[in-house]
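Asks:
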Amino acid sequence: MSKWYKSALVKGILIFLSVLSAITALLSLVIISTYSVSVKEIWNKKPTEYTDSKEFENQMCRATMDVLGQISYEDIFETDGKYNPDKLIDIMQYGYNGRHYDEETERLRYKLSDLQKWSEEYQNNYATQENPIVVCQKADKTYHYYYWDEFLSLLKKKTLTVDIDGYTSDEIVNALASGNVSLSQFAGHDILDEKGETVYRDFWGFSGAIEEEARPDGGNNILDVVNQTPQLNGKLSEVYAQLGSILSNLYYDFQSYQNSAEWTEGNTNFAYIFVDKETKKVYTNRKEYQDYNSVKENISDIQKNAKYMIVQPKLSDFKTNMDITANDWKEFVKSQRRNSNGDFIFAAAVDTRFSIQDSFYLDKKLYDEYAPYINRAVILLGAAVLLIIVSLIWLTVIAGRNNRSDGVHLNVFDRWKTELAAVFVIGIWIIPMMFWMNNGNMALGYFAESTDLMTATIGYSYEYASGYVPTMQDMIQLACTAAYTMIMFLVGYLSLVRRIKAGTMWKNSVLYAFCRFFRIFWRNRNVVWRMVVSGVILIGIHWMLALFRTPGFVLITLAADAFIVYYLVLNAIAKNKIIKGIKAVAGGDLEYQISLEHLRGEQREVAEMLNDIGTGLQKAVEKSVKSERLKTDLITNVSHDIKTPLTSIINYVDILKRSNIEDPKIQGYLEILEAKAQRLKTLTEDVVEASKVSSGNINLQLMDVNLVEMMNQTTGEFAEKFEHKNLELIQTLPNEPAIIHVDGRRMWRVLEKSL
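If you want the working numbering, it's the position in the sequence shown, counting the first as 1, plus 47.
1. What are the boundary residues of the alpha helix (DSSP H) that includes I403?
2. DSSP on W476, reduced to helix/strand/coil?
3. Would you report the Cα separation of V286 and N280, rounded to the nearest angstrom?
4. What runs of the beta strand (DSSP E), each 3 residues or longer, lie entirely inside the segment 289-366?
5. For A373, collect the residues of the same chain with a Cβ closer than 7 Å to its Cβ; drop the 5 residues on either side in sequence, then sort them by chain order.
6. When the Cα atoms are used, what is the spatial distance from L541 to L467?
7. With DSSP as the reference, label I70 as helix, strand or coil.
8. How many angstroms separate the CA atom of L159 from the CA atom of T189?
9. Run through DSSP, which three-state label would A9 get?
10. What are the boundary residues of the beta strand (DSSP E) that includes Q278?
11. Please go through the segment 429-465 and give each complete alpha helix (DSSP H) segment of 4 or more residues, from N-terminal end onward.
12. For Q163, does the count of other Cβ atoms within 10 angstroms reach 16, so buried, or fall short, so exposed?
13. Output the distance between the C-alpha atoms of P360 and N316, rounded to the nearest integer angstrom.
14. Our contact map puts L646 next to A654 with C-beta atoms below 8 Å; I'd like the distance itself, whole angstroms only.
15. Could you check the C-alpha separation between N172 and W165 for me, to the nearest Å?
16. Thinking just about the alpha-carbon of each residue, which of Q184, L270, I180 and K203 is nearest to the one in R154?
17. How is W553 classed by DSSP in three states: helix, strand or coil?
18. Assess, as a yes-or-no matter, whether the segment 438-446 is touched by the segment 51-62 under the definition of 3 or more beta carbon pairs within less than 8 Å.
19. Looking at the secondary structure, which residues open and close the alpha helix (DSSP H) in which G252 lies?
20. Using a threshold of 8 Å, is the CB atom of G281 nearer than that to any non-hydrogen atom of the ligand HEM?
21. Would W376 be called buried (16 or more neighbouring beta carbons within 10 Å of its own) or exposed?
22. So is S695 buried or exposed if we call it buried at 16+ other beta carbons inside 10 Å?
23. How many Å lie between H236 and D249 at the Cα?
24. Looking at C-alpha atoms only, which residue of L637, L537 and Y336 is the closest neighbour of K58?
25. Counting only the same chain and skipping the five closest in sequence on each side, list residues whose C-beta sits under 8 Å from that of S216.
26. Ignore the nearest five residues each way along the sequence and tell me which others in D410's own chain have a CB closer than 6 Å to its CB.
27. If you count every other CB in all the chains shown that lies within 10 Å of the CB of D137, and 16 or more means buried, which is it?
28. Rounded to whole angstroms, what is the Cα-Cα separation between G663 and S671?
29. Any idea which residues DSSP pairs T245 with across the strands?
30. What are the boundary residues of the beta strand (DSSP E) that includes K158?
31. Taking the alpha-carbon positions, what's the I477 to A72 distance?
32. Span of the alpha helix (DSSP H) holding Q106?
33. Please say whether L594 and I629 have beta carbons closer to each other than 9 Å?
34. Using a 10 Å radius around the Cβ and a threshold of 16 neighbouring Cβ atoms, would you call K624 buried or exposed?
35. DSSP on I719, reduced to helix/strand/coil?
36. If you run the structure through DSSP and keep just helix, strand and coil, what is D9?
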């Protein structure tokens with residue numbers, strides 16, 4: 048078969064291979080991403096031991112992140128190693144990242160139990176302060192804060208007075224109390240005390256306060272403490288931002304604190320020691336490692352039968368028997384502790400005997416089961432990607448062509464507008480995918496999460512291992528996803544290639560149509576500008592109605608719509624008049640005139656021009672008829688003038704022929720003269736007949752005539768002439784009569800002229 052590589056069978060095979068390769072590539076990627084592997088592990092002929100693998104390092108990272116977070120939670124929720132609900136928490140030191148420090152600076156403290164209860168309610172029902180806050184600025188640029196009720200009460204008692212020209216104190220109070228006037232309308236004026244002295248230079252309202260559900264230590268509310276604490280003056284926004292952060296996080300921090308049993312002694316093969324050298328405090332999950340004075344011995348002991356690392360601020364003090372980078376881990380540990388600038392020791396180790404069936408044990412078991420397949424998955428992934436590339440190149444070359452004919456062939460979809468086709472393909476792909484993922488597809492959710500990386504400050508990447516291994520059902524779902532995605536990609540991609548080859552990608556696009564429309568619009572801007580301005584005004588009126596919805600705009604919109612309807616009705620009537628006039632003139636009624644009543648503007652101009660066209664045509668027809676009549680009369684007169692002497696010539700020739708002239712030469716001349724005279728007579732009659740035909744002045748005597756018989760008579764009369772000139776007439780006539788309804792005399796002349 049010629050050009051077999053363009054055949055439909057080859058295209059089908061290539062598409063099938065592309066889809067199959069996409070499925071293989073995705074499933075291979077899932078197997079690889081189930082456990083993190085390094086490039087070194089991929090090229091190892093023999094599977095890497097679990098404790099030397101990237102997966103083990105990621106598990107160490109997860110454990111380290113959890114225990115360092117747990118240490119921070121212990122700082123928050125515990126006193127002397129025990130949970131203390133009465134512990135005072137300074138919200139200005141808690142911080143946005145959930146880390147608490149007990150420094151003696153700003154003081155806005157709450158009992159831990161009150162904050163916990165408040166945080167839980169905050170998750171269920173976030174509420175802003177119903178009693179707004181008034182900020183009053185003193186002359187020294189410091190501030191005093193009032194709740195709105197308190198501020199209004201002081202104004203009513205005239206303890207404070209707003210100094211505004213033209214307003215009495217009672218008028219200001221009544222206006223503010225009624226709610227008809229906002230605080231901002233009176234802002235920028237002085238506030239006086241009872242003695243008439245200026246207390247505040249300006250005042251304004253504060254938004255962003257949170258409804259208080261607990262009393263702070265040393266005050267009835269937040270403003271009591273803020274007004275009494277110079278370090279917090281001017282920091283009200285920061286106070287509420289800190290409080291909002293704590294209320295958002297504390298509930299979940301406490302849940303994490305309570306669910307910390309995974310890394311406690313007896314539940315894990317993971318052991319850790321965190322030493323804060325400044326406070327000489329030891330955090331560990333082993334009772335025997337709690338003594339600060341035995342830190343060195345305990346760190347030595349933790350290294351036995353284990354994979355370990357010891358992290359300190361100085362890189363020279365870093366120790367490990369793992370294939371990891373000192374600086375990466377140092378920065379990672381520091382990023383998990385807010386007081387990372389202090390001197391610390393962090394030692395972590397995993398007992399490689401895995402005597403406890405914890406997450407490390409289960410992860411090792413799964414790793415040992417699936418690790419042998421990782422190298423194969425990498426090879427399959429590479430082969431699948433290569434096959435996809437080859438198939439796409441091949442399909443690109445033969446897209447739009449076949450082995451039966453040359454040229455580019457487009458299908459129905461290729462004739463859609465380019466942008467609409469792209470939106471359609473993306474839409475029918477993304478909508479099912481979103482629906483699938485939002486309806487609990489665990490495989491897709493796992494694959495999306497497994498690609499999220501937790502990056503340390505200098506860019507060292509750790510994958511947060513989920514411990515989840517996809518099932519056969521998950522693999523089937525992922526295979527369907529890959530197949531569907533590849534099919535949709537090929538539909539869009541190959542259509543794009545065919546459009547490019549056929550040169551229709553741009554010419555058949557919405558943007559091109561818009562540009563062409565704009566070009567036409569611009570060329571005819573002098574004609575359409577009124578319509579455009581009217582449309583813009585109408586759209587603007589409707590938008591204003593949608594935005595404001597006031598009675599005035601409703602009436603304006605109704606009036607505009609009524610005017611548009613009136614205009615359209617008049618336009619339709621005028622259009623019908625013009626169409627009716629065009630039909631009349633086209634039908635031959637050249638005297639028809641379009642009524643100009645109720646016609647305005649361009650429509651009136653068109654009607655007047657059509658009336659002028661009808662008048663002009665009428666004059667042209669009359670002139671043409673007159674010219675034809677004159678021409679006919681001229682032909683008739685000339686023919687008559689010719690026929691008179693011609694008749695005399697014919698008669699005299701006839702007389703001469705009957706005079707018994709014996710000279711053969713003279714007889715020959717007479718024969719020629721007679722033939723030419725008869726010929727001239729016939730031509731004269733033909734001219735007259737042609738003139739009658741062209742002017743329509745001819746009467747036909749129709750009758751039934753046997754065409755076969757007429758043909759035989761005609762050929763019989765010309766037989767002698769044919770024989771004289773050595774011509775043979777070949778004719779094929781039917782034996783049966785062929786009856787036609789014609790003018791016999793003129794039909795005879797037609798046949799005579801034909802021969």
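All residues carry an ideal CB built from backbone N, CA and C; glycine is no exception.
Replies: The short version:
1. For the purposes of this step, residue 403 is taken as residue 356 along the sequence shown, with counting starting at 1. Careful: I403 lies outside any alpha helix (DSSP H) and carries neither H nor E.
2. Along the sequence shown, one-based indexing puts residue 476 at 429. Correct three-state label for W476: helix.
3. Within the sequence shown, residue 286 is the residue found at index 239, counting from 1. Within the sequence shown, residue 280 is the residue found at index 233, counting from 1. In a straight line, the C-alpha of V286 is about 10 Å away from that of N280.
4. 317-323, 328-331 and 353-358
5. For the purposes of this step, residue 373 is taken as residue 326 along the sequence shown, with counting starting at 1. L362 and F365, listed in sequence order.
6. Numbered from 1 along the sequence shown, position 494 holds the residue referred to as residue 541. Numbered from 1 along the sequence shown, position 420 holds the residue referred to as residue 467. Using only the alpha carbons, I get a separation of about 15 Å.
7. The residue labelled residue 70 in the question sits at position 23 within the sequence shown. In this structure, I70 counts as helix in the three-state DSSP scheme.
8. Locating residue 159 in the sequence shown gives position 112, counting from the first residue. Locating residue 189 in the sequence shown gives position 142, counting from the first residue. Cα to Cα, the separation comes out at about 31 Å.
9. Absent from the model: residue 9. The displayed extent of the chain is 48 to 802, so no value can be given.
10. By 1-based counting over the sequence shown, the position of residue 278 is 231. Segment: none, Q278 is in no beta strand (DSSP E) and carries neither H nor E.
11. none
12. What you label residue 163 is simply residue 116 of the sequence shown in a count that begins at 1. Q163 comes out buried.
13. Walking along the sequence shown from the start, residue 360 turns up at place 313. Walking along the sequence shown from the start, residue 316 turns up at place 269. Taking the straight line joining both Cα atoms gives about 26 Å.
14. By 1-based counting over the sequence shown, the position of residue 646 is 599. By 1-based counting over the sequence shown, the position of residue 654 is 607. Yes, L646 and A654 are in contact; Cβ-Cβ is about 5 Å, under 8 Å.
15. Taking the sequence shown and counting its residues from 1, one reaches residue 172 at position 125. Taking the sequence shown and counting its residues from 1, one reaches residue 165 at position 118. C-alpha separation (whole angstroms): 10 Å.
16. Locating residue 154 in the sequence shown gives position 107, where the first residue counts as 1. Looking at the Cα atoms, L270 is the closest of the given residues.
17. On the sequence shown, position 506 is the one that residue 553 refers to. It is coil, neither helix nor strand.
18. yes
19. To locate residue 252, count along the sequence shown from 1; it is residue 205. Element bounds for G252: not the alpha helix (DSSP H) but the beta strand (DSSP E), D249 to F253.
20. Of the ligands one can find in the structure shown there are none, so the ligand HEM has no counterpart to examine.
21. Here residue 376 corresponds to residue number 329 of the sequence shown, with the count starting at 1. Buried, because 16 or more other Cβ atoms sit within 10 Å of the Cβ of W376.
22. Here the question's residue 695 lines up with position 648 in the sequence shown. It is exposed - the Cβ of S695 has fewer than 16 other Cβ atoms within 10 Å.
23. On the sequence shown, residue 236 is found 189 positions in, with the first residue counted as 1. On the sequence shown, residue 249 is found 202 positions in, with the first residue counted as 1. If I take the Cα positions, the gap works out to 5 Å.
24. Against the sequence shown, residue 58 aligns to sequence position 11. Per the Cα distances, L537.
25. One-based indexing of the sequence shown puts residue 216 at position 169. Correct list, in chain order: L202, K205, T208 and V209.
26. As a first step, residue 410 is located in the sequence shown; it is residue number 363 there, counting from the start. Result list for D410: Q106, in chain order.
27. For the purposes of this step, residue 137 is identified with residue 90 of the sequence shown, where counting begins at 1. Classification of D137: buried, given that the 10 Å Cβ count is 16 or more.
28. Taking the first residue of the sequence shown as position 1, residue 663 is located at position 616. Taking the first residue of the sequence shown as position 1, residue 671 is located at position 624. Rounded to the nearest angstrom, the two C-alpha atoms are 12 Å apart.
29. Here residue 245 corresponds to residue number 198 of the sequence shown, with the count starting at 1. Partner(s): L239.
30. Taking the first residue of the sequence shown as position 1, residue 158 is located at position 111. First-last of the beta strand (DSSP E) with K158: R156 to K158.
31. For the purposes of this step, residue 477 is taken as residue 430 along the sequence shown, with counting starting at 1. For the purposes of this step, residue 72 is taken as residue 25 along the sequence shown, with counting starting at 1. Cα to Cα, I477 sits roughly 20 Å from A72.
32. By one-based count along the sequence shown, residue 106 stands at place 59. First-last of the alpha helix (DSSP H) with Q106: K101 to F124.
33. Here residue 629 refers to the residue found at position 582 when the sequence shown is read from its first residue. Here residue 594 refers to the residue found at position 547 when the sequence shown is read from its first residue. Cβ atoms of I629 and L594: not closer than 9 Å.
34. Mapped onto the sequence shown, residue 624 falls at position 577. K624 comes out buried.
35. Taking the first residue of the sequence shown as position 1, residue 719 is located at position 672. Of the three classes helix, strand and coil, the one that applies to I719 here is helix, per DSSP.
36. Residue numbering for the chain in the displayed model covers 48 to 802; residue 9 lies beyond these limits and cannot be assessed.
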